[in-house]
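Novice: Numbering (full-length UniProt numbering), first residue to last: 1 to 280.
For glycine and all other residues, C-beta sits at the position ideal for the given N, C-alpha and C.
Have a look at the structure that comes next, please.
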Amino acid sequence: MRSLQVLSAAGVGSELLLRAPATRDGALLYWLPAMGVPARNYAPLADALATHGVGLALHEWRGLGSSSVRAGRRENWGYRELLTQDIPAGLAIAGKVCPQARVVIGGHSLGGQLASLFAGLQPEAAQGLVLVASGAPYWRCFSPWGGPLWMAYAAAPWMARMRGRFPGRRIGFGGNEARGVIADWARSGRSGRYAASALPIDLEQALRAQTEPVLGVRMVDDAFGPRASLQYLLDKMPHAPREMHALDTKALGGSADHFSWMKSPQAVADRIAAWLERLG
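This is how it looks when you write it as structure tokens:
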């Protein structure tokens with residue numbers, strides 16, 4: 001994979017890991033990782049997609065991996081910066097390297113949510129949307145654990161404010177996330193509605209206007225991405241054609257949970273490639 005330098009409008013740098021499609025006009029999936037997961041962890045997905053001739057560009061979240069900044073009391077950001085600065089900068093670099101490629105955008109977990117929001121904000125940027133082990137974090141979608149989850153959504157922003165950042169590495173959930181990211185994420189978890197602090201755009205309306213086709217792939221034993229969560233997110237895009245697949249342990253050759261598929265992603269890549277072929 002090629003390593004390309006990306007510089008956002010705010011001057012934040014990172015690497016974009018890219019494997020080009022097998023043909024100049026082939027499909028290129030621009031991929032947004034899960035919360036706290038560095039881009040390089042999806043290299044096996046790039047290898048699996050390459051067996052179908054599909055390219056993959058791995059976005060690096062601000063504050064993780066190759067990013068030039070780290071979240072802290074003096075460094076803070078939220079969905080606004082990720083959606084309006086970082087993702088556009090990475091897509092622009094991918095477009096320069098693969099100018100004739102058919103670009104689709106997708107992601108894992110939180111990455112799928114932000115890919116959906118970006119597709120609504122910038123409908124001309126991609127020709128489709130891929131969601132893997134993803135869905136809205138709304139607490140009502142996580143029965144019977146909805147009540148404790150709501151409490152966690154209330155506590156997480158407070159913890160992030162007190163410590164200057166969310167200590168995900170220490171508590172075993174996510175990464176060391178910026179206060180703004182946690183505030184925006186937790187708000188959507190409590191209310192079921194997407195909004196970004198300091199972004200004067202109705203994200204729910206943007207989602208409703210999204211008309212590009214959507215592929216949803218979920219893992220049957222995924223406690224972090226149950227069917228109800230994925231369906232809730234898809235229902236926010238009522239005008240988008242959608243296709244859903246559920247993968248079990250037999251299909252995956254291993255655990256069908258939120259993260260295990262990343263190590264052996266061929267079944268996921270097969271579903272993505274077949275869907276892309278049907279799109280033409």
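Provide the residue(s) that pair with Y30 in DSSP beta bridges, ordered along the chain.
Specialist: Here residue 30 refers to the residue found at position 30 when the sequence shown is read from its first residue. In DSSP, Y30 forms a bridge with A57, I105.
Novice: Could you give the distance in angstroms between the alpha-carbon of L203 and the alpha-carbon of A136?
Specialist: Position 203 of the sequence shown, counting from 1, holds the residue named residue 203. Position 136 of the sequence shown, counting from 1, holds the residue named residue 136. C-alpha separation (whole angstroms): 13 Å.
Novice: Between the segment 93 to 106 and the segment 232 to 252, are three or more C-beta pairs nearer than 8 Å?
Specialist: no
Novice: Can you tell which of L121, A274, A133, R102 has its C-alpha closest to the C-alpha of L28?
Specialist: If you number the sequence shown from 1, residue 28 lands on position 28. Residue R102 is the option with its Cα nearest to L28.
Novice: Reducing DSSP to helix, strand and coil, say where M219 ends up.
Specialist: The sequence position of residue 219 within the sequence shown is 219, counting from 1. M219: strand per DSSP, three-state reduction.
Novice: Shortest alpha-carbon distance to P44 belongs to which of A274, M262, W275, L276?
Specialist: On the sequence shown, position 44 is the one that residue 44 refers to. Minimum Cα distance to P44 is reached at M262.
Novice: Give a single yes or no on whether G107 has its beta carbon closer than 7 Å to a heavy atom of the ligand ADP.
Specialist: For the ligand ADP, the structure offers nothing, since it holds no ligand at all.
Novice: Unbroken beta strand (DSSP E) runs of length 3 or more, entirely within the segment 154 to 232: which are they?
Specialist: 214 to 219
Novice: Quick check: what's the CA-CA separation for A173 versus L279?
Specialist: As a first step, residue 173 is located in the sequence shown; it is residue number 173 there, counting from the start. As a first step, residue 279 is located in the sequence shown; it is residue number 279 there, counting from the start. In the sequence as presented, Ala is not what sits at residue 173; that position holds Phe. Cα-Cα distance, rounded: 36 Å.
Novice: Going by Cα to Cα distance, which pick from L252, G168, Y138, L16 is closest to P68?
Specialist: Numbered from 1 along the sequence shown, position 68 holds the residue referred to as residue 68. Looking at the sequence provided, one finds Ser at residue 68 rather than Pro. Measuring from the Cα of S68, the nearest candidate turns out to be L16.
Novice: So, helix, strand or coil for A273, using DSSP?
Specialist: Against the sequence shown, residue 273 aligns to sequence position 273. In the structure shown, A273 sits in a helix (DSSP, three-state: H, G or I).
Novice: On the criterion of 16 or more Cβ atoms from any shown chain inside 10 Å, does D184 qualify as buried, or is it exposed?
Specialist: Walking along the sequence shown from the start, residue 184 turns up at place 184. D184 should be labelled buried.
Novice: Compute the distance between the beta-carbons of G36 and G168, then report whether it is under 8 Å.
Specialist: The sequence position of residue 36 within the sequence shown is 36, counting from 1. The sequence position of residue 168 within the sequence shown is 168, counting from 1. For G36 and G168, yes; Cβs fall inside 8 Å.
Novice: According to DSSP, is Q5 helix, strand or coil?
Specialist: For this step, residue 5 is matched to residue 5 along the sequence shown. Strand.
Novice: Exposed or buried, I182, counting other C-beta atoms within 10 Å across all chains shown (16 or more means buried)?
Specialist: For the purposes of this step, residue 182 is taken as residue 182 along the sequence shown, with counting starting at 1. Looking at its Cβ environment, which holds 16 or more other Cβ atoms inside 10 Å, I182 is buried.
Novice: Can you look up M244 in the DSSP assignment and give me helix, strand or coil?
Specialist: Counting from 1 along the sequence shown, the entry for residue 244 is found at position 244. Of the three classes helix, strand and coil, the one that applies to M244 here is strand, per DSSP.
Novice: My guess is that S197 and G175 are in contact by the Cβ rule of under 8 Å, so how many angstroms apart are they, rounded?
Specialist: What you label residue 197 is simply residue 197 of the sequence shown in a count that begins at 1. What you label residue 175 is simply residue 175 of the sequence shown in a count that begins at 1. So it is not a contact: roughly 19 Å between Cβ atoms.
Novice: Exposed or buried, what is E60 when buried is set at 16 or more other beta-carbons lying within 10 Å of its beta-carbon?
Specialist: For the purposes of this step, residue 60 is taken as residue 60 along the sequence shown, with counting starting at 1. With 16 or more Cβ atoms within 10 Å of its Cβ, E60 is classed as buried.
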